[in-house]
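First comes the structure, then the notes that go with it.
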Amino acid sequence: STKDNDAPTFRQWGFEDINASLPNSPTEKPIILIDVREPAELSSTGIIPSAVSVPLASQPDALFLTPEEFETRFGFPKPGVKGDEEGAEIVFYCKAGVRARAAAQLAEQAGYEASRLGVYDGSWLDWAKKGGRVERWEG
């Protein structure tokens, strides 16, 4: 159907791409990493270092909030809208990639440029399997 062809193709990120852009990595170029899993999942697995938690199943309107509303609700600045983060690439991940793709589509609907949105297709399952660094999630 023509509808599928209109869907933006977001940049696909892999393990090496994410790993190379984490803080303290030699080729660090700042990206914004957003974990869209639910808090209970984060508590049991931890998160990729530097990622922020925006659980999209329970907070589907999160990316549509104004920066002020977002910060009031989540306690940290809305990703990708201010200062150094303006224009930075945003990469979504979840457990297996499905919610991450949905999140990228939501972000585009919320006004983020598709060209800066990416999806870590393997998401948490791939990260853990390949021995990626993990941080405890404090909530």
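Using UniProt numbering, the letters of the sequence shown correspond one by one to residues 1 to 139. Beta carbons: idealized from backbone N, C-alpha and C, even for Gly. Note that this is a predicted model, so its numbers are computed, not measured.
{"Query": "Under 8 Å, with one C-beta from each stretch per pair, do the segment 131-139 and the segment 102-119 reach the 3-pair mark?", "Result": "no"}
{"Query": "When you compare only the Cα positions, how much space is there between E89 and P79?", "Result": "10 Å"}
{"Query": "Compare the C-alpha of A40 against each of L33, R133, P55 and A51 and name the closest.", "Result": "P55"}
{"Query": "Decide if L125 is buried, meaning its Cβ has at least 16 other Cβ atoms within 10 Å, or exposed.", "Result": "exposed"}
{"Query": "By Cβ distance, which residues of its chain are closer than 8 Å to P49, with the 5 residues on each side in sequence left out?", "Result": "L22, P23, R133, V134 and E135"}
{"Query": "Under three-state DSSP, which class holds S1?", "Result": "Confidence is the limiting factor: at S1 the pLDDT is only 39, short of 50, which leaves the residue's position unreliable, though a coordinate-based value still follows. S1: coil per DSSP, three-state reduction."}
{"Query": "Taking the Cβ atom as the reference point for each residue, do A57 and E69 lie within a distance shorter than 9 Å?", "Result": "no"}
{"Query": "In terms of DSSP beta bridges, what is V52 paired with?", "Result": "I34"}
{"Query": "Quick check on this structure: which residue in I34, V98, A103 and N19 has the alpha carbon closest to the alpha carbon of residue 156?", "Result": "A question about residue 156 goes unanswered here, because the residues of the chain that appear run from 1 up to 139."}
{"Query": "Taking the C-alpha atoms as reference points, what is the distance between residue 220 and G97?", "Result": "In the structure as shown, the chain begins at 1 and stops at 139. Residue 220 is therefore absent and cannot be evaluated."}
{"Query": "Note down, in chain order, each residue of its chain lying with its Cβ closer than 8 Å to the Cβ of A128, except the 5 sequence neighbours on either side.", "Result": "T45 and V134"}
{"Query": "What do you get for G122, buried or exposed, if any count of 16 or more other CB atoms within 10 angstroms of its CB means buried?", "Result": "buried"}
{"Query": "Can you grab the Cα-Cα spacing for the pair K130 / F15, in whole Å?", "Result": "8 Å"}
{"Query": "Would DSSP call G118 helix, strand or coil?", "Result": "strand"}
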